[in-house]
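Residue numbers (this note's numbering), protein chains in the order written: chain P, 1 to 364; chain S, 1001 to 1364; chain A, 2001 to 2364.
Laid out in structure tokens, this is it:
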């Protein structure tokens, strides 16, 4: 987490939750709250005459619909695609050419892509602000911001809460981003609940260890449930399991139902980025614990707050700083830097570790 | 037909034409007429800043395009999908979860779905008004309202007309709904023209028999054509034929052409919900009889009138009234109540008949 | 090129660049320049409350996105489809019926279709203005207008320039239309650079020969590059090669790179309608020569200028003039007139040549 920004929002793109300082997160949450209270006539002025491109190189209904709704409620309009088979990409156009073309038609570009690092590449390529709506298994920062907004709205604070993350902590992206974002906050106790072979990646646990928060790893939700203020559930993402990993064994790890919730605090809130499969029983929807549909609805004000900031941005040309190395390949196989015609960019840290500029992964 | 509503529109959802009283139908037709005369600046205020979700779980160009046009001409905007393969449903999300998610992004939800009863289930599930844009073979109430509007605009009345329904009266949904709707009106003579094995379902004929209208069943259009004010044609819907039914035999039942129309009244109007295949020869398009493209265009004011009413609605939580039975399954195989996680709801009438709450079909 | 129009724009449809006089082209270019300078509040009045249908019977991202952006920036809204598999056409509806339906929902209809002549047929069929966004291999007039606008913006003139067209001059549509359009202008030298078996069709060379311009045919770009003001490159369109034609041999005809450009004028501008494959090396993007992404962006003001004119149009019924012959078939196999239910229309010129009214091709 960078802490070197003023309180005002100064990002030119929204690519990674790690680009946000605590102050910037809090600014967006505060703006999201304000935007909900605007009159229709004020709201529809914010993006009047502006066009937001929604480039979905892989399908994602929820994210697409909520961005489209958010933009249009602000008086803007949307263009885009949600199925690459209906695009000119079949004529062999490169990813960066597609972006340079769209740049001429839109004021902000929202991008969803199956490859890690695609959003950073997009942000470096064009002079219009880019919002990452999910790049492979890497980042989905607006999801994390709406998760934080949902917690803030419910508890009027984030510091000091006891938050359980429960599911496939190894593969499921929303857990990673939320854990990183929470490391900006204070006195949080994180309960990491997963089967032992699906625990949180080491790199993230290292960041948590350096933060002002405690974390506890357990395999049985029942043991920690009575402690929790927030239980953040997630899907077991079959598509992210390697062939030799035991998806069948993992898929029924847990179902949160009314019986289980009897031991929870009265005020426990259950969250889930959706879609759910069997992690939360339908009967929970009617209880006071269920916060996941409100969480989904919070996509609107949070994405609107980001759009409102980015529409004002005049982007600076990306500066290729001296320590970006092109002679080394990123070792993450699903990084976009392996695509033809894209030059690798590796970034060396003070302690001589190498990270990919695009996907942010450690070069091994 | 319910007659227990005041003249004002008091529906919270538009699910079935059977929910409408005559007064409510007339109110919508009258509003549709008024809305056509509004200035652009007044029209674009009606849905300003509002979002209508168009959820098309099966494709339907005509309905989709006309709803999208209707909404946007009123200053609103649309979100949605028209191809379920590009939605998260591939990740296994349930129908009701999809709806609860969309509810957070839209002010009105228009739904098209291949299963009977899906629109009623949607209306029960969410707190935003639902418009049924076609649920399986069951209902498509806005089609029926625009049919009625088209007749009203042409003849300045509906009562007393002689109306022929000609085609596959057994399977083709628009015939069923129009016949039911006309049962609200008076002194109509309905001519039911079909091959004998494709006649109108018994349940509908029973309702007609109780109405203030006469009906006549014939197999030869020529015999009744000279009587008619309106000839309502329809496609022979191959997709609704069971394997053992004789589609090949039925498909060329009739082609209305100029020669045939020589015996018609000069003022006969030919209608068709479109698309047509061979039921109406192209040469008829140039005649004064052709009303089907005007009928298609009438989708705009009629759907706008409905949207204008529904945007004002504050929905009440659906009350599970006492006589809904969950222990009995609906016997309609294409009813949505057979989907996993949906509880059957069966409604018992005074005379001890059982009807499915969702698809409205008699439980056998 | 017709020269019989007043300076003001008097077209009711935009079907073929050959329908434009020089004065009409200049009017559109001038309006495009003005529209860029309008304030947001003035721009969004131009199409307020209006609906433009984008009917894409074959996919084309670039054209679709730019039209959608152009319309919405003017305050209008869009409806349409970009994948015929999700339309009712699967129910067997004819092309003209689809158009007569859409006519009821939209104020302007933009059409992209794989068959030659489809746009002319559409324009003849409906009473709303039609814009051709590409009909088969035939015409794409708005592309040509934005090409001309791009040249005009760069050089403040079109007359007198030295312009190279380089690539597959036989098959690639943008070359044909641009060459035809330039024949309206004066003192241009056209350099036609292609492999000898992929040279410009004879019919177009005949028109050029009659114009006020010179043209030179060469097979080696290097020989003429130093002369050029504009180098207009194009893709080698694999999909337009017949099986017995040598695509493999042609596909690497040329790659314009920095080394090659060393011999060019400092002020040479390289254009390309995009998408490019290997015709222009990525390294050229950073040079002052690269104009192709600006060219893509110019789609917006040019299409807006056309929309602004067409929204004012009251179309006259197409008059079937006496010399249209229905007894002869068009000999172009990819002409839409071969579709079932469409009557051929052949037009006889003064010198007794026969041209298809729809696709404009010579009947052989």
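C-beta atoms are modelled at their ideal positions from N, C-alpha and C, and glycine is treated no differently.
Note down, in chain order, each residue of its chain lying with its Cβ closer than 8 Å to the Cβ of residue i, except the 5 sequence neighbours on either side.
| i | result |
| --- | --- |
| residue 316 of chain P | 12 |
| residue 2264 of chain A | 2225, 2226, 2228, 2231 and 2289 |
| residue 14 of chain P | 129, 130, 131, 132, 141, 142, 306 and 310 |
| residue 300 of chain P | 66, 69, 70 and 73 |
| residue 1302 of chain S | 1028, 1029, 1032, 1142, 1145, 1146 and 1149 |
Residues in its own chain within less than 6 Å of residue i by CB, not counting five upstream and five downstream?
| i | result |
| --- | --- |
| residue 2031 of chain A | 2305 |
| residue 1172 of chain S | 1234 and 1237 |
| residue 1211 of chain S | 1183 |
| residue 2126 of chain A | 2099 and 2103 |
| residue 2113 of chain A | 2057 and 2135 |
Answer yes or no: does any C-beta atom of chain S fall closer than 7 Å to that of residue i?
| i | result |
| --- | --- |
| residue 65 of chain P | yes |
| residue 189 of chain P | no |
| residue 293 of chain P | yes |
| residue 7 of chain P | Reliability fails at residue 7 of chain P, whose pLDDT of 48 lies under 50, so the model's placement of it is uncertain and the value that follows must be treated cautiously. So no, residue 7 of chain P is outside the interface. |
Who are the near neighbours of residue i in its chain, counting only those whose CB is closer than 7 Å to its CB and skipping five residues on each side?
| i | result |
| --- | --- |
| residue 169 of chain P | 175, 192, 194, 198, 199 and 200 |
| residue 1090 of chain S | Confidence in residue 1090 of chain S is poor, its pLDDT being 48 and thus under 50, which makes the residue's placement unreliable; the coordinate value appears in the next sentence. Nothing meets the Cβ criterion. |
| residue 254 of chain P | 166, 221 and 279 |
| residue 122 of chain P | 99, 109, 111 and 130 |
| residue 2341 of chain A | 2094 |
| residue 79 of chain P | 51, 53, 105 and 106 |
| residue 2277 of chain A | 2235 |
| residue 274 of chain P | 62, 292 and 296 |
Can you check whether the C-beta of residue i is within less than 7 Å of a C-beta belonging to chain P?
| i | result |
| --- | --- |
| residue 2018 of chain A | no |
| residue 2333 of chain A | no |
| residue 2015 of chain A | no |
| residue 2002 of chain A | Note on residue 2002 of chain A: pLDDT 43, under 50, position unreliable in the model; no value is reported. |
| residue 2154 of chain A | no |
| residue 2062 of chain A | yes |
DSSP on residue i, reduced to helix/strand/coil?
| i | result |
| --- | --- |
| residue 1139 of chain S | strand |
| residue 61 of chain P | helix |
| residue 2126 of chain A | coil |
| residue 2171 of chain A | coil |
| residue 1375 of chain S | Residue 1375 of chain S is absent from the structure shown; chain S starts at 1001 and stops at 1364. |
| residue 2311 of chain A | coil |
| residue 1255 of chain S | coil |
| residue 79 of chain P | strand |
| residue 348 of chain P | strand |
| residue 2355 of chain A | strand |
| residue 278 of chain P | coil |
| residue 232 of chain P | strand |
| residue 155 of chain P | helix |
| residue 2096 of chain A | helix |
| residue 2270 of chain A | strand |
| residue 1247 of chain S | helix |
| residue 1105 of chain S | coil |
| residue 2242 of chain A | coil |
Does the Cβ of residue i have 16 or more other Cβ atoms within 10 Å, making it buried, or fewer, making it exposed?
| i | result |
| --- | --- |
| residue 24 of chain P | buried |
| residue 1037 of chain S | exposed |
| residue 69 of chain P | buried |
| residue 1367 of chain S | For chain S, the structure presents residues 1001 to 1364; residue 1367 of chain S sits outside this window and is missing. |
| residue 1328 of chain S | exposed |
| residue 1021 of chain S | buried |
| residue 2296 of chain A | buried |
| residue 1119 of chain S | buried |
| residue 1214 of chain S | exposed |
Is there a C-beta anywhere in chain B that falls below 7 Å from the one on residue i?
| i | result |
| --- | --- |
| residue 1297 of chain S | In the structure shown, chain B does not exist; the protein chains are P, S and A. |
Let me see if you follow: with CB-CB separation under 7 Å, is residue i close to chain A or not?
| i | result |
| --- | --- |
| residue 238 of chain P | no |
(request) Would you check if the region 2281-2294 of chain A and the region 2109-2122 of chain A touch, i.e. whether three or more CB-CB distances between them fall below 8 Å? (result) no
(message) Taking contact to mean 3 or more Cβ pairs, one atom from each stretch, closer than 8 Å, check whether the region 144-163 of chain P and the region 336-354 of chain P are in contact.
(response) no
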